[in-house]
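Down below is the structure, laid out as structure tokens.
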Amino acid sequence: MPPSIVVENLRFRYSSVEVLHGLSFEIAPGEVTGLLGPNGAGKSTTLKILTGIHAPGSGRVEVQGFSLPQHAVELKQRIGYVPEAAELYETLSAREFLELCGRLHDLEDRSLLPRIDALLEAFELTDHGHNELGSFSKGMRQKVLISAALLHNPDVIFLDEPLTGLDVESAVLVKTLLASLAAQGRTVLYSSHVLDVVERICARVLIIDQGVLIADGSPESLKARTQGSSLEAVFRDLTHAESAEPRIDRLLKGLTA
Amino acid sequence: MTLASFGAGRTMLTAVGVQPRQYQVLVDLFGALGERKELLGNLGMDRHAMNITSLGLLIPGGLFALFAFREGSLAAFNMITLALSSLVLLMLLVLEASNSFLNPAEVAVLAHRPITGATYFAAKLTYLVLVVLRATAPLNGPAALAGLVKPEARWFYPFTHLAAACAAGLFLALMACAVLGLLFRILPASRVRSAALWVQVVASMLPLAFNLARRPLQTLADAMAPRAIGVDWSFVPLTWFNAIALTGQGGGQMSWGWPAAIGMIVSAVFIGIGVRSLSAGYMTRIVGVMRSSGRRSRRSQRGSPIGRIVRTMSGRPSGQAAFGFMSRMMRRDWQFRRGIIPVALPLLAIGPLMLRTGVEVAPFGAGRFSVIGLLPVALSLVTLGLCQMLAYSDHYRGAWVFVITPKIGVRGFVRGVYWSLWLPFLALPFGVVMLVFSAYWGVADAALFAGYGLAVASLMFGLQLLIVETLPFTSAPRAERSAAIASFIMFGPVAAVIAWGVQGQFIFRSRLTTALAALVFAWAAKVTAEYSLRLLEIKAHHSLAAPSEFV
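What follows is the structure, encoded as structure tokens:
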């Protein structure tokens, strides 16, 4: 079976700063892959390129057989994306926003409206469906974004810190849902800083640092490779993270100066 | 109702690569967001702002109609009114097109949706066309009716006149889009928004250019006066719309020759390339435009001498913080820059003209209406523009930092804001004026004029601060501002000329009256500024306490 996502020697720059330096990886259909990296490593940029929001600077990017940026519009029809920042139209209600997203994905009302009902119910938003998004809490906004990403039944789902602000019950729901979707053959690329969640739901982990892929494998294989006891230890080892104590010492000295 | 509402329209849309259903969804979305005041700075999507603008446009429209009572043919009358109304419309459309196609909020939400650039462009263009239609009626309606006084005009002249004006408006709308499209194609993403801003500046300075080009335009009008338009001029787009207006009227018709054909082909190619550049891959490239940032200065404000002066004048470190904040945000905030530059730059550009004409003799003396007397009024208009736009920003969510600022800090900050604007926008220009004119008028007259000007402008600035709703850059942009800016552009110069006349007649009649007036104005400026700043402090506390603004 051909890979769902192919990234080959991907480079990308914001103005004069190159943030991805020849990134390469492949993801098979039905795989739940975690994308890890410290702040500014290029995780969100990678997701934005894979979702057709940014055009790749150079290199080859293909998702579901659609090469980017040439077939960005066709690809967007087939993917779901939960962005890092909860950008929403504040004056639309949750229901209006989901209707908008569904119609932009060419869903007819007869299939769209029941899906919206099901999603609102699953995320316990039915009573808030007619409220303006501007009045929603962070977690509720996140639920709307996740609903919008799943509404059109996408083949590939990209999630950038999807559990931010979610209560425990909703977080469990999302994690279970992702596992079920993967079991149905959907590809999931999951970017997060919450390492234990990644460890629990992802069969494979990609770690990027300063725009370069530094590790690729299952959580177990990475742990074995670095002799780390947890994914957090692996992550710190691979990204050469300085231990917190000396930094805190320096900070406290600076604050009392 | 849109093109997607009927079969032929849907076929047409599909033929040009627009997805009819998505187009309809987007048109409905923009309409809903506009009505709910969420899409900012778009007249076409905000019925209330458009109504106010249309009402305001009746004034220039009425003035244009007066040309009908001057001698000259119907063709010349129509040419002049079309040229003038097109000028006003062009300013409006460049602003509108720029706001429509470079709006950050909606792009962030729609970027990962499967929308083609052509579909998005078509939906936006629909609202631009709406602006053309809504602005054309008040701008051209009075002239269309007044044209009936010309002997060559037939009973249906108002209809042909309006049809011509609408066609000219659509042509200008497409031209504005084409220019933006070429910017998209030629420039790197980080430069597009700045370049679009300069296009707005050029458009807002067109009345000045028009004034300078009066003679060639008169030649063009004269060339058409005795009979129909000569073939030699028919490559100018204005003559095509003139020909539409004169359809079926007496006095001869335009003869179409090869210059007209060349003009049309060049225009069509330009629009075609420009529009294609704008719409193709728009959804991907606009994200790059919004995300990119220009070069940033690494210079610290710690060393800025003006910052230290502001610190001293406001009496607190938060005053210096205000200077640092203001100077950076005024340079970097897109909402602010796009609002203030087209307003302030033309006003500042006429400064050197005033200096040149005012050199000869001091403006004091009965009946001496020197152009230099406009300087205090012009600077007051600049500060009025600043005060109108100061509170609003795309980055208003950052306002939470002021919520946790102690009261004493806000007080110093508010005073710092005042001095941060007063020093560069009022004190500095009048300081330069005093230095320059001392050499020509003598130190006493130059100091009197600069002192008077500074007092008047400071008084106006103190009063204008009353319209600032909260701390700078801490409020979400409001759609009503478009109407306010449009009225500012239209009525500002009229108010300036009235103020200048009153000043020349009653104050500059002698040095004594000028000195007395300067003292009174300076005292009033001090009182007003203190009151306005106290009020701004209170307003800031109230608005920052409203959590929905930025939480």
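Keeping their order, the protein sequence lines are chains V and E. When we follow the working numbering, the leftmost residue of the first sequence carries the number 1, and every step to the right adds one. When we follow the working numbering, the leftmost residue of the second sequence carries the number 1001, and every step to the right adds one. C-beta: ideal position from N, C-alpha, C; glycine also. This one's a predicted model, so the numbers in the text were calculated from it and none came from an experiment.
Query raised in the report: Between L1055/E and M1313/E, what straight-line distance do the alpha-carbon atoms span, to the nearest angstrom?
Result: By one-based count along the second sequence, residue 1055/E stands at place 55. By one-based count along the second sequence, residue 1313/E stands at place 313. Cα to Cα, the separation comes out at about 44 Å.
Query - Own chain residues within Cβ distance below 7 Å of A1525/E, not counting five before or after - result: Taking the first residue of the second sequence as 1, we reach residue 1525/E at position 525. Only A1455, S1458, L1459, G1462 meet the Cβ criterion.
Query - When Y1452/E, L1533/E, I1538/E, E1530/E are compared against Q1503/E, the one with the closest alpha-carbon - result: Start at 1 with the first residue of the second sequence, and residue 1503/E comes out as number 503. Residue nearest to Q1503/E within the set Y1452/E, L1533/E, I1538/E, E1530/E is Y1452/E (criterion: CA-CA distance).
Query raised in the report: Where does M1091/E land, buried or exposed, given buried means 16+ other C-beta within 10 angstroms?
Result: Taking the second sequence and counting its residues from 1, the one referred to as residue 1091/E is at position 91. It counts as buried.
Query raised in the report: Between the C-alpha atoms of D283/V and G185/V, what's the straight-line distance to the nearest angstrom?
Result: There is simply no residue 283/V to check, as chain V begins at 1 and stops at 257 in what is shown.
Requested in this report: Could you spell out where the alpha helix (DSSP H) holding G1061/E opens and where it closes?
Outcome: Here residue 1061/E refers to the residue found at position 61 when the second sequence is read from its first residue. From DSSP, the alpha helix (DSSP H) with G1061/E extends over 1047-1065.
Requested in this report: Just mark I1286/E as buried or exposed, buried being the case when its beta carbon has 16 or more other beta carbons within 10 Å.
Outcome: Within the second sequence, numbered from 1, the residue matching residue 1286/E stands at position 286. Buried: at least 16 other Cβ atoms inside 10 Å.
**Report entry** Residues bridged to V156/V (per DSSP)
**Finding:** Here residue 156/V refers to the residue found at position 156 when the first sequence is read from its first residue. V156/V is bridged to I79/V, T187/V.
Requested in this report: Would you check if the segment 68-86 of chain V and the segment 156-175 of chain V touch, i.e. whether three or more CB-CB distances between them fall below 8 Å?
Outcome: yes
Query raised in the report: If we ignore side chains and look at the alpha-carbon of each, how far apart do T1014/E and G42/V end up?
Result: Here residue 1014/E corresponds to residue number 14 of the second sequence, with the count starting at 1. Here residue 42/V corresponds to residue number 42 of the first sequence, with the count starting at 1. Looking at the two C-alpha atoms, the distance is approximately 38 Å.
Query raised in the report: DSSP three-state call for F123/V: helix, strand or coil?
Result: Residue numbering aside, residue 123/V sits at position 123 when the first sequence is read from its first letter. In the displayed model, F123/V falls within coil according to three-state DSSP, outside both helix and strand.
**Report entry** Residues, ordered as in the chain, of the segment 1111-1127 of chain E that lie near chain V by beta-carbon distance below 7 Å
**Finding:** A1111, H1112, R1113, P1114, I1115, T1116
Report task. Quick one: give me the first and last residue of the alpha helix (DSSP H) that G1451/E is part of. Result -> Residue numbering aside, residue 1451/E sits at position 451 when the second sequence is read from its first letter. Here the alpha helix (DSSP H) through G1451/E covers 1443-1464.
Requested in this report: Please look up how many angstroms separate the CB atoms of L1082/E and A1164/E, rounded, as I've assumed it's under 8 Å.
Outcome: Counted from its first residue, the second sequence places residue 1082/E at position 82. Counted from its first residue, the second sequence places residue 1164/E at position 164. Contact flag correct, Cβ pair sits at about 7 Å.
Query - Bridge-paired residues (DSSP) for D216/V - result: Here residue 216/V refers to the residue found at position 216 when the first sequence is read from its first residue. DSSP output for D216/V lists L206/V as bridge partner(s).
Query - Reference L1381/E, options S1370/E, F1323/E, A1496/E, closest by Cα - result: As a first step, residue 1381/E must be located in the second sequence, where it is residue number 381. For L1381/E, the nearest C-alpha among the options comes from A1496/E.
Query raised in the report: Under the DSSP definition of a beta bridge, which residues are partnered with T1247/E?
Result: For the purposes of this step, residue 1247/E is taken as the residue at position 247 of the second sequence. None, per the DSSP bridge assignment.
Query raised in the report: G59/V CB to nearest chain E CB: under 9 Å?
Result: Residue mapping note: residue 59/V aligns to position 59 of the first sequence, counting from 1. No - not a single Cβ of chain E is within 9 Å of the one on G59/V.
**Report entry** For I49/V: DSSP bridge partner residues
**Finding:** In the first sequence, the residue the question calls residue 49/V occupies position 49. Answer is none; I49/V lacks a bridge partner.
**Report entry** L163/V beta carbon less than 9 Å from that of V174/V
**Finding:** For the purposes of this step, residue 174/V is taken as residue 174 along the first sequence, with counting starting at 1. For the purposes of this step, residue 163/V is taken as residue 163 along the first sequence, with counting starting at 1. Contact: yes.
Query raised in the report: What are the start and end residues of the alpha helix (DSSP H) that includes G1398/E?
Result: Within the second sequence, numbered from 1, the residue matching residue 1398/E stands at position 398. Run containing G1398/E: none; DSSP gives neither H nor E here.
Query - Pairwise C-alpha distance: A1075/E and G1263/E - result: Stepping through the second sequence from its first residue, residue 1263/E is reached at position 263. Stepping through the second sequence from its first residue, residue 1075/E is reached at position 75. G1263/E and A1075/E: Cα-Cα distance of roughly 20 Å.
Requested in this report: Mind checking which residues open and close the beta strand (DSSP E) that includes N9/V?
Outcome: For this step, residue 9/V is matched to residue 9 along the first sequence. From DSSP, the beta strand (DSSP E) with N9/V extends over 5-14.
**Report entry** Which listed residue (T1239/E, L1206/E, A1144/E) has its alpha carbon closest to that of F1171/E
**Finding:** Looking up residue 1171/E in the second sequence gives position 171. That would be T1239/E, whose Cα lies nearest to the Cα of F1171/E.
Query raised in the report: Residues of chain E with a CB under 9 Å from the CB of D106/V: which are they?
Result: If you number the first sequence from 1, residue 106/V lands on position 106. Those are Q1019, R1021, Q1022, P1114, listed as they occur along chain E.
Report task. Specify, as a first and last residue, the run of the beta strand (DSSP E) that V1149/E falls within. Result -> Taking the second sequence and counting its residues from 1, the one referred to as residue 1149/E is at position 149. Note, V1149/E: premise wrong, no beta strand (DSSP E); not H, not E.
**Report entry** 4-residue-minimum alpha helix (DSSP H) runs that sit fully inside the segment 1412-1441 of chain E, ordered along the chain
**Finding:** Assignment of alpha helix (DSSP H) within the segment 1412-1441 of chain E, counting only whole runs of 4 or more residues, yields 1428-1441 in chain order.
Query raised in the report: Helix, strand or coil: how does DSSP classify V1192/E here?
Result: By one-based count along the second sequence, residue 1192/E stands at place 192. In the three-state reduction of the DSSP assignment, V1192/E falls in the helix class, which pools H, G and I.
Query raised in the report: If we cut at 9 Å on Cβ distances, does G1288/E have a partner in chain V?
Result: Your numbering for residue 1288/E matches position 288 in the second sequence. So, interface residue.
Query raised in the report: Going along chain V in order, which residues have a C-beta closer than 7 Å to the C-beta of R1036/E?
Result: For the purposes of this step, residue 1036/E is identified with residue 36 of the second sequence, where counting begins at 1. Chain V residues near R1036/E: T91.
Query raised in the report: Nearest-angstrom Cα distance between M1143/E and S1393/E?
Result: Locating residue 1143/E in the second sequence gives position 143, where the first residue counts as 1. Locating residue 1393/E in the second sequence gives position 393, where the first residue counts as 1. The question names Met, but residue 1143/E is Ala in the sequence shown. The alpha-carbon atoms of A1143/E and S1393/E are separated by roughly 39 Å.
Query raised in the report: To which residues of the same chain is L113/V closer than 6 Å at the C-beta, ignoring the five residues directly before and after it?
Result: As a first step, residue 113/V must be located in the first sequence, where it is residue number 113. Around L113/V: no qualifying Cβ.
**Report entry** Through-space distance from G1319/E to T256/V, alpha-carbon basis
**Finding:** In the first sequence, residue 256/V corresponds to position 256, counting from 1. In the second sequence, residue 1319/E corresponds to position 319, counting from 1. One C-alpha to the other measures close to 24 Å.
Query raised in the report: Does any residue of chain V bring its CB to less than 9 Å from the CB of A1540/E?
Result: Here residue 1540/E refers to the residue found at position 540 when the second sequence is read from its first residue. No, A1540/E lies away from the interface with chain V (no Cβ there is under 9 Å from its Cβ).
Query - Amino acids of chain V, ordered along the chain, whose beta-carbon sits closer than 8 Å to that of T1284/E - result: Your numbering for residue 1284/E matches position 284 in the second sequence. At a C-beta separation below 8 Å, T1284/E has these neighbours in chain V: G52, I53, H54, A55, P69, A72.
Query - Identified DSSP bridge partners for V17/V - result: The count along the first sequence starts at 1 and reaches residue 17/V at position 17. The partner list for V17/V (beta bridge, DSSP) reads Y14/V.
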